[in-house]
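Just below is one structure, and these are the notes that go with it.
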Amino acid sequence: MKKQIIHERTGSEKNPVGVEVANLSKNFGQQSVLRDVSLAIKPGEIFVIMGPSGSGKSVLLRQIAGLDLPTSGTVRIDSHDPAVPDTRDRFALALVFQAGALFNSLTVYDNLALYPLEHRLCDRNEIRSRVQRALKILSLENATRKYPSELSGGMKKRVAIARALVMEPQLLLYDEPTSELDPVMSATITEIIATLKNEFRVTSVVVSHDRDLALTIADRVAILMKGQLLFVGTPDELKQNRDPAIVDFMNPKIDLKNPRYLKLEAT
Amino acid sequence: MKKINAILDAFGSAVLLAIRAFASLPSAPRILKRMVEQAFFGGYASLPIISILSFFIGAVLALQAGISLREFGAKELIGTLVGESLVRELGPVMVSILLAGRVASAITAELASMKVYQEVDALVTMNIPPERFLVLPRLLAVLLYMPVLTIIGIVIGWLGGAVVCRYVGFISIEPEQYFQSMKHFLTVGKMIDGLVKSEIFGFCIILIACNTGLRTRGGPREIGFAVTRSVVFSLVTILVLDYFITRAQS
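Chains as they are written, first to last, in this note's numbering: chain Z, 1 to 267; chain R, 1001 to 1250.
In structure tokens form, the structure reads like this:
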């Protein structure tokens, strides 16, 4: 007998969700990592957050995922607080961690099947076909029975994305999805992120240093520097922006005669 | 003052962790497989070391009792002494100490590395409560295997004592006499007292292990510190609780 399918989510399951961040600040002890950040991410858009290392991008992503509480300000996913467990019952949210965060004691297959199994979203046959489809999209068919410790860094990242795909999320957060990948695989991941937008009707928030990714597939881009938002706009607006900090970040010149580290030492 | 705050903080978070874990008890059928895995790792796989330890504790106890009691001409009471000591005190305490060293350390290391390498965060974003997925199976498993391990440890300890009584020249008590003297003073109530103790110790040890693991922050170095902290906390808890439970039972 076919198992009863229990779906824990309520409300509009397949609709992408919007994210609203208002006056968000986050301190770690005396260190202020995010300062008065406000932005609105529209349902269904690909929103790329860029910025130098240590500018607070991943911290912002963790706030949106509800993993950390803000020092002040609010984060809302369709008017709901992401840190409240009820919100996660209401919306399917997936986060692709920078290092993958795969469950080391589970095989690749079990990593992918965990979410639908735990939430009893569908029967085992349906889960198998979902998992196989995700593995095929990410070219991981041969890794099904492997453990994360047997995978390369790039493969781990792809498995993490495949795991997110199986969840069929309404909000998909990526933390540096193309770092540590070769150019072809980076392009593949970029294409996948763009395709998912239409196929799963998902809102995507991507933290990345990858200019190609941002300028090619983003609906809007935000630039975060020293915990503050410097820019939010379309890729075309970003290209035309003449703020020296943004120009230097987007098109850094390699000057061997007058290197940056010497300039920094001098100041 | 900082240390007292940290201990109170850890105690509070352990209590909250237990409450959250047992709040997801209705989903216990879903965690059955993981509970069996934990029972196998914590219970079945601990049997060889518990057997060796218990046998020699029983043997040493009988030997020491033999040395002391032969001076009073009361060798026939060795069975009583070994039996009662193992049932009420040494059985539960030694099995718990072994559990802290073998199982609790492994649990803390596993959960701490899951925390440090963001696997716990991944569970949270997948709306799978870590208390249900990671903690509840371990707590339920220890409640199942702890009394069994303790009974096995006690019985093997008794046998260790019997072997010493039979083969050590200056004691030379037949097993029948040894077990007769044990049977004369042992009651079901005393046996239950010992099992209650071991159940409480086992539960606290695993709760401390899970709580310490899930509270770990930082990198690989902190995983090592967490394991040490977990084992030390567990050992202190066993001995402190032992005093109070014994007072309550006497």
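Heads up, the beta-carbon is just placed ideally off N, CA and C, and yes, glycines get one too.
Nearest candidate by alpha-carbon position, reference residue i, set the options
{"i": "Z:Leu218", "options": "Z:Ile49, Z:Ala187 and Z:Glu168", "result": "Going by the sequence as given, residue 218 of chain Z is Ala instead of Leu. Checking every option, the nearest Cα to that of Z:Ala218 belongs to Z:Ile49."}
{"i": "Z:Leu165", "options": "Z:Gln30, Z:Ala94 and Z:Arg62", "result": "Z:Ala94"}
{"i": "Z:Tyr147", "options": "Z:Lys263, Z:Asp86 and Z:Leu106", "result": "Z:Leu106"}
{"i": "Z:Leu171", "options": "Z:Thr188, Z:Val205 and Z:Gly153", "result": "Z:Val205"}
{"i": "R:Arg1034", "options": "Z:Leu114, Z:Arg163 and Z:Lys257", "result": "Z:Leu114"}
{"i": "R:Glu1174", "options": "R:Ala1162, R:Phe1133 and R:Lys1183", "result": "R:Ala1162"}
{"i": "R:Pro1130", "options": "R:Asn1005, R:Leu1008 and R:Asn1211", "result": "R:Asn1211"}
{"i": "R:Phe1055", "options": "R:Gly1042, R:Gly1043, R:Met1094 and R:Ala1023", "result": "R:Met1094"}
{"i": "R:Ser1113", "options": "Z:Pro244, Z:Asn104, Z:Thr87 and Z:Pro169", "result": "Z:Asn104"}
{"i": "Z:Arg128", "options": "Z:Glu150, Z:Asp86, Z:Leu229 and Z:Arg163", "result": "Z:Arg163"}
{"i": "R:Ile1208", "options": "R:Leu1195, R:Arg1221 and R:Val1227", "result": "R:Val1227"}
{"i": "Z:Val247", "options": "Z:Asp255, Z:Ile254 and Z:Leu238", "result": "Z:Leu238"}
{"i": "R:Leu1149", "options": "R:Arg1138, R:Ala1074 and R:Ser1046", "result": "R:Ser1046"}
Neighbouring residues, chain R, relative to residue i (Cβ below 7 angstroms)
{"i": "Z:Arg88", "result": "Asn1127"}
Short CB-CB distance (under 8 angstroms) between residue i and chain R
{"i": "Z:Tyr109", "result": "no"}
{"i": "Z:Met155", "result": "no"}
{"i": "Z:Lys3", "result": "For Z:Lys3, the predicted structure reports a pLDDT of 38, less than 50, and the residue's modelled location is therefore unreliable. A value from the coordinates is still provided. No, Z:Lys3 does not count as interfacial toward chain R."}
{"i": "Z:Met167", "result": "yes"}
{"i": "Z:Ala99", "result": "yes"}
{"i": "Z:Tyr115", "result": "yes"}
{"i": "Z:Glu118", "result": "yes"}
{"i": "Z:Phe28", "result": "no"}
{"i": "Z:His7", "result": "In this predicted model, Z:His7 has a pLDDT of only 39, less than 50, meaning its place in the structure is not dependable enough to derive any value."}
{"i": "Z:Pro16", "result": "no"}
Within 8 angstroms, strictly: CB atoms of residue i and residue j
{"i": "R:Pro1092", "j": "R:Phe1233", "result": "no"}
{"i": "Z:Gln98", "j": "Z:Glu176", "result": "yes"}
{"i": "Z:Leu138", "j": "Z:Arg124", "result": "no"}
{"i": "Z:Val17", "j": "Z:Leu39", "result": "no"}
{"i": "R:Leu1099", "j": "R:Val1082", "result": "no"}
{"i": "R:Ser1230", "j": "R:Thr1108", "result": "yes"}
{"i": "Z:Ile282", "j": "Z:Ala222", "result": "Coverage of chain Z is limited to positions 1 through 267, which leaves residue 282 of chain Z absent and any answer about it impossible."}
{"i": "Z:Thr178", "j": "Z:Leu135", "result": "no"}
{"i": "Z:Pro52", "j": "Z:Phe249", "result": "yes"}
{"i": "Z:Leu34", "j": "Z:Leu61", "result": "no"}
{"i": "R:Gly1079", "j": "R:Phe1179", "result": "yes"}
{"i": "Z:Leu196", "j": "Z:Lys156", "result": "no"}
{"i": "Z:Leu67", "j": "R:Asp1121", "result": "yes"}
{"i": "Z:Ser79", "j": "Z:Met225", "result": "no"}
{"i": "R:Gly1058", "j": "R:Gly1218", "result": "no"}
{"i": "Z:Leu262", "j": "Z:Val37", "result": "no"}
{"i": "R:Ile1031", "j": "R:Leu1136", "result": "yes"}
{"i": "R:Ala1028", "j": "R:Leu1140", "result": "yes"}
{"i": "R:Gly1066", "j": "R:Val1168", "result": "yes"}
{"i": "R:Gly1213", "j": "R:Lys1115", "result": "yes"}
{"i": "Z:Thr87", "j": "Z:Asn27", "result": "no"}
{"i": "Z:Asp81", "j": "R:Asn1127", "result": "no"}
{"i": "R:Ile1238", "j": "R:Ser1096", "result": "yes"}
{"i": "Z:Ile64", "j": "Z:Leu173", "result": "yes"}
{"i": "R:Glu1076", "j": "R:Lys1190", "result": "no"}
{"i": "Z:Phe200", "j": "Z:Glu180", "result": "no"}
{"i": "R:Leu1134", "j": "R:Phe1203", "result": "no"}
{"i": "Z:Val96", "j": "Z:Ile161", "result": "yes"}
Chain R residues whose Cβ lies nearer than 8 angstroms to that of residue i
{"i": "Z:Leu95", "result": "Asp1121, Ala1122 and Thr1125"}
Any C-beta of chain C under 8 angstroms from that of residue i
{"i": "Z:Tyr147", "result": "No chain C is part of this structure, whose protein chains are labelled Z and R."}
Cross-chain neighbours of residue i in chain R, by beta carbon under 9 angstroms
{"i": "Z:Phe103", "result": "Met1114, Glu1119, Ala1122 and Leu1123"}
Q | Residues of the stretch 1114-1126 of chain R whose Cβ lies closer than 7 angstroms to any Cβ of chain Z, in chain order | A | Tyr1117, Gln1118, Glu1119, Asp1121, Ala1122, Val1124, Thr1125 and Met1126
**Q.** Against chain R: residues of the stretch 39-72 of chain Z by CB proximity under 7 angstroms
**A.** Ala65 and Leu67
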